[in-house]
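Peer 1: One structure, as C-alpha cells, below. Some questions next.
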Amino acid sequence: MIFCNPQEGHLSGGREGFILIAVLWMLIALATLASIYSIYIGSSSWSSSVIERRLQADQLVSASLNLATQRLAVADQRDRPTHGHFSFRLGQANASVRFVSEAARLDLNQAPRELLSSFFIAIGASEEDAPRFAARIVGWRERLRPSDRANEAQLYRAAGRGYGPRGAPFAHVGELWLVQGLPQVIIERMLPLVTVYSGRSDINVFDAPPELVAALPGMTLDRLNGFLGQRQLVAPSKDALVRLLGSDQTAATADASDAFRLDIKIGGAGGWNSCAEAVILLQGPDDPFHILAWDDSLRGDCRQGMATANPP
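Under the UniProt record's numbering, the first residue of the sequence shown carries the number 1, and numbering increases by one thereafter.
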C-alpha cells in the first residue's frame with residue numbers, strides 16, 4: 001500500500017500554479033514587446049516619410065531661389081522685371097514661385113517722416129495720431145540730438161518699459177512691437193506693407209498694394225482710383241508715372257530695389273504641401289544672390305509669412 005503525504009500534494013499544486021502564472025506573465029510581456037515593435041516600425045516609417053518630404057521641399061526651395069535669380073540677373077538693370085511668377089516640377093512635386101521687388105513696400109529705415117505720417121493715415125490712424133506715430137518710428141531708428149533722445153527715452157520710462165529707443169536702423173520689422181506708443185492693431189496692419197530691405201525712400205507704385213499708393217502725400221481718392229485703374233494697362237516707367245501721378249510725386253517710383261521677396265509654395269504626391277518665404281539681395285555674377293531673410297516655418301499654413309510675427 002502506498003501512502004500519499006497530503007503536505008507534498010499541496011506543495012506540488014502550488015508549484016504548478018506558480019509556473020502557470022509565470023508563463024502568463026511571459027506571454028503578456030511578449031505581446032507587449034510585439035506591440036511596441038509594431039508601433040516602432042510604424043513610427044519609423046512615418047518619420048522616414050516626413051524626412052523624405054522635408055528633403056524634397058528643401059531641394060525645391062533651393063531650386064526656386066536659383067531660378068528666380070536667373071530671371072532677375074539681367075545685364076541691364078532697366079530690363080529687370082520688378083515682379084513675376086513661374087512654376088516648375090522636380091521629381092514628384094510642383095513648385096509655384098512669386099517674386100516682387102522690396103521697393104513695393106515702405107522701408108521703415110528710409111521713408112521720410114511725411115510719408116510715414118501719410119502711411120499711418122492710410123492704414124486707419126487718425127490725423128491727430130499719425131504724426132505722433134511717425135515721430136516714434138523716427139525716434140527709434142535715428143540717433144537723435146541729446147535733448148530729443150532724452151525726451152524719447154522718457155516716453156519709454158513713463159510707460160514702464162525697461163529699455164529706450166534703439167537709436168539705430170530697424171534690423172527687422174518685428175521690432176515694431178518694441179516701439180512705444182504704436183497700438184497693436186496699427187502694427188498688425190503695418191507688417192504686411194513694410195520692410196527693412198528696400199533701401200529706398202520711395203515706393204514702386206506699380207507693384208505696391210493699394211494701401212501704400214493711398215499713402216503717397218497729397219493723394220486724393222479720385223487720383224488713387226484713376227491710377228489703380230490704369231497701372232495694369234501701361235508699361236511701368238518714369239514717363240508713365242509722371243503721366244498718371246504728375247511730376248510732383250517724389251515718393252513714387254517705377255524702379256525696383258536690389259532686394260526681392262519670394263513666396264514659394266510646394267505641393268507633392270499624396271497631398272502634402274510646404275511653403276517658404278525669402279528675401280534675397282541680388283549681387284554680381286560670382287555671387288549671384290545673398291539671403292537677407294528666410295522663413296520655412298510656414299509648412300502646412302501658407303497664409304502666414306515673415307511679416308506676421310507675433311509680439312514678444
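The beta-carbon is built from N, C-alpha and C at its ideal position, and this holds for glycine as well.
Measure the beta-carbon distance from PRO217 to ALA251 and round it to whole angstroms, keeping in mind my assumption that it falls under 8 angstroms.
Peer 2: Residue numbering aside, residue 217 sits at position 217 when the sequence shown is read from its first letter. Residue numbering aside, residue 251 sits at position 251 when the sequence shown is read from its first letter. 6 angstroms between Cβ atoms; contact.
Peer 1: With three or more C-beta pairs closer than 8 angstroms as the rule, is the stretch 132 to 147 touching the stretch 280 to 290?
Peer 2: With the cut-off at 8 angstroms, the stretch 280 to 290 and the stretch 132 to 147 do not touch.
Peer 1: Roughly how far, in whole angstroms, is the beta-carbon of LEU65 from the beta-carbon of LEU262, given that I think they are within contact range, below 8 angstroms?
Peer 2: Position 65 of the sequence shown, counting from 1, holds the residue named residue 65. Position 262 of the sequence shown, counting from 1, holds the residue named residue 262. With 8 angstroms as the limit, LEU65 and LEU262 qualify as a contact, their Cβ atoms being about 7 angstroms apart.
Peer 1: Any idea which residues DSSP pairs ALA98 with across the strands?
Peer 2: Taking the first residue of the sequence shown as position 1, residue 98 is located at position 98. Going by the sequence as given, residue 98 is Arg instead of Ala. ARG98 pairs with HIS85, ASP263.
Peer 1: How is ALA252 classed by DSSP in three states: helix, strand or coil?
Peer 2: Start at 1 with the first residue of the sequence shown, and residue 252 comes out as number 252. Reduced to three states, the DSSP call for ALA252 is strand.
Peer 1: Tell me which same chain residues have a C-beta within less than 8 angstroms of the C-beta of ILE51, skipping the five on either side of it?
Peer 2: Along the sequence shown, read from residue 1 onward, the residue named residue 51 stands at position 51. Hits under 8 angstroms: none found.
Peer 1: Count the other CB atoms within 10 Å of the CB of THR253; is the residue buried (16 or more) or exposed (fewer)?
Peer 2: Numbered from 1 along the sequence shown, position 253 holds the residue referred to as residue 253. THR253 is buried by the Cβ-count criterion.
Peer 1: Can you check which of these residues, LEU221, LYS265, SER147, ARG136, is closest to PRO165 by C-alpha distance?
Peer 2: Here the question's residue 165 lines up with position 165 in the sequence shown. Checking every option, the nearest Cα to that of PRO165 belongs to ARG136.
Peer 1: Using 8 angstroms for Cβ pairs, my map puts ALA103 next to ALA256. What's the rounded Cβ distance?
Peer 2: Taking the first residue of the sequence shown as 1, we reach residue 103 at position 103. Taking the first residue of the sequence shown as 1, we reach residue 256 at position 256. Confirmed, about 5 angstroms.
Peer 1: Based on the DSSP secondary-structure assignment, which residues constitute the bridge partners of VAL194?
Peer 2: Your numbering for residue 194 matches position 194 in the sequence shown. In DSSP, VAL194 forms a bridge with LEU106.
Peer 1: For ASP202, which residues does DSSP report across the bridge?
Peer 2: One-based indexing of the sequence shown puts residue 202 at position 202. Paired residues: none, contrary to the question.
Peer 1: Apart from the five residues on each side of it in sequence, which residues of its chain come closer than 8 angstroms, Cβ to Cβ, to SER87?
Peer 2: Here residue 87 refers to the residue found at position 87 when the sequence shown is read from its first residue. Once the five neighbours on either side are set aside, the close Cβ partners of SER87 are ASN94, ALA95, SER96, VAL97.
Peer 1: Taking 8 angstroms as the CB-CB cut-off, is ARG161 touching chain B?
Peer 2: Among the protein chains of the structure shown there is no chain B, as only one such chain exists.
Peer 1: Starting from ASP295, follow the beta strand (DSSP E) in both directions and report where the run begins and ends.
Peer 2: One-based indexing of the sequence shown puts residue 295 at position 295. Start and end: 289 to 295.
Peer 1: Is the separation between the beta-carbon of ARG189 and that of ILE123 shorter than 8 angstroms?
Peer 2: Looking up residue 189 in the sequence shown gives position 189. Looking up residue 123 in the sequence shown gives position 123. Yes, these two residues count as a Cβ contact at 8 angstroms.
Peer 1: Quickly, what does DSSP pair ALA276 with across the bridge? List them, please.
Peer 2: Here the question's residue 276 lines up with position 276 in the sequence shown. DSSP lists ILE264 as partners of ALA276.
Peer 1: I'd like to confirm the pairing. Which residues does DSSP put opposite LEU281 in its beta bridges?
Peer 2: To locate residue 281, count along the sequence shown from 1; it is residue 281. ALA259, HIS290, per the DSSP bridge assignment.
Peer 1: Taking all protein chains shown into account, decide if PRO285 is buried (16 or more other Cβ within 10 angstroms of its Cβ) or exposed.
Peer 2: Residue mapping note: residue 285 aligns to position 285 of the sequence shown, counting from 1. With fewer than 16 Cβ atoms within 10 Å of its Cβ, PRO285 is classed as exposed.
Peer 1: Which residues in the same chain have their Cβ closer than 6 angstroms to the Cβ of PRO236, if we skip the five residues on either side of it in sequence?
Peer 2: As a position in the sequence shown, residue 236 is number 236, starting the count at 1. These residues qualify, in order along the chain: PHE206, ALA254.
Peer 1: Quick check: GLN77 and ARG200, are their CB atoms within less than 8 angstroms of each other?
Peer 2: By 1-based counting over the sequence shown, the position of residue 77 is 77. By 1-based counting over the sequence shown, the position of residue 200 is 200. No, Cβ-Cβ distance for GLN77 and ARG200 is not below 8 angstroms.
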